[in-house]
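All remarks here apply to the structure that follows.
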Amino acid sequence: MSWEEMYRRDYPCKCGKGTYTEVGEMDDWNRTRDYRIINCSECAEKARIAAEEERKAKAEREARLKVLVEEITTHFERHYMEEWLSFFASVRNKKEVWALAKKTGVESYSLSTFYDHNKGSSMESYVRRLARPYNMVKIIEALNINDSHLKSKVEEAMDLRGSSYVIGFY
Numbered sequence: 040m041s042w043e044e045m046y047r048r049d050y051p052c053k054c055g056k057g058t059y060t061e062v063g064e065m066d067d068w069n070r071t072r073d074y075r076i077i078n079c080s081e082c083a084e085k086a087r088i089a090a091e092e093e094r095k096a097k098a099e100r101e102a103r104l105k106v107l108v109e110e111i112t113t114h115f116e117r118h119y120m121e122e123w124l125s126f127f128a129s130v131r132n133k134k135e136v137w138a139l140a141k142k143t144g145v146e147s148y149s150l151s152t153f154y155d156h157n158k159g160s161s162m163e164s165y166v167r168r169l170a171r172p173y174n175m176v177k178i179i180e181a182l183n184i185n186d187s188h189l190k191s192k193v194e195e196a197m198d199l200r201g202s203s204y205v206i207g208f209y
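Shown next as structure tokens:
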């Protein structure tokens, strides 16, 4: 599979001393990609510096998010895990656990996928796994938790998660 150039256009750059080239390509599967080539050394250096600053900022966000995930997980485990497990105490089987999790909004899988992913696990271990930072807003709501410390950490994590694609939050 190869990429074929569909167009190439030159434009003056922002500083007015050089140019940049926009290139559009398409492959055998009709996927497209566009990119720019900066032909001006001054603008190329500015772009390199901006990219480096963005990389550093993203790394800082990811590091902070990793710390927040650990803090949220530890705090919830210490203060609210028993209450979360009790929330599911009335259910009798895995299907009812899944249904309550789905109703609460902390489960997104279909019932068959749920069964596939939880074949050998107990209901308690499944409920514990649901207590992830990305589910905390819904868990806080379901349990009527009034903990400003936990809420602020979750809000900060959600803000950071929205500003970059961070795998650790999942």
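Numbers in the working numbering are just positions in the sequence shown, counted from 1, shifted up by 39.
C-beta atoms are modelled at their ideal positions from N, C-alpha and C, and glycine is treated no differently.
On a predicted model such as this, the values are computed, not experimentally measured, just so you know.
Same chain only: Cβ atoms within 8 Å of residue i, ignoring 5 sequence neighbours per side
{"i": "K133", "result": "F153, Y154, N157, M162, Y165"}
{"i": "L107", "result": "P172, K192, E195, A196, L199"}
{"i": "T71", "result": "M45, G63, E64, M65"}
Same chain, Cβ closer than 7 Å to residue i, neighbours up to 5 away in sequence not counted
{"i": "R117", "result": "none"}
{"i": "N174", "result": "V145"}
{"i": "Y74", "result": "V62"}
{"i": "R103", "result": "L199"}
{"i": "C54", "result": "C79, E81, C82"}
{"i": "I184", "result": "Y119"}
Residue i, buried or exposed, once every other Cβ within 10 Å from all chains shown has been counted against 16
{"i": "L150", "result": "exposed"}
{"i": "W42", "result": "exposed"}
{"i": "A140", "result": "buried"}
{"i": "R47", "result": "exposed"}
{"i": "I88", "result": "exposed"}
{"i": "I111", "result": "buried"}
{"i": "Y119", "result": "buried"}
Three-state secondary structure (DSSP) of residue i
{"i": "I111", "result": "helix"}
{"i": "G201", "result": "helix"}
{"i": "W68", "result": "coil"}
{"i": "I184", "result": "coil"}
{"i": "Y119", "result": "coil"}
{"i": "R167", "result": "helix"}
{"i": "Y209", "result": "With a pLDDT of 41 at Y209, under the threshold of 50, the modelled position of this residue cannot be trusted; read the value that follows with caution. In the structure shown, Y209 sits in coil (DSSP, three-state: anything other than H, G, I, E or B)."}
Contacting residues, own chain, Cβ-Cβ under 6 Å from residue i (five flanking each side not counted)
{"i": "G57", "result": "N78, C79"}
Presumed contact (8 Å Cβ cut-off) between residue i and residue j, rounded CB distance
{"i": "I178", "j": "W137", "result": "Contact flag wrong, Cβ pair sits at about 16 Å."}
{"i": "A181", "j": "F126", "result": "7 Å"}
{"i": "I76", "j": "Y59", "result": "6 Å"}
- With a floor of 4 residues, list each alpha helix (DSSP H) that falls wholly inside the region 126-155, ordered by position along the chain. 133-143
- Task: Entirely within the region 60-106 and at least 3 residues each: give me those beta strand (DSSP E) ranges in chain order.
- Result: 71-77
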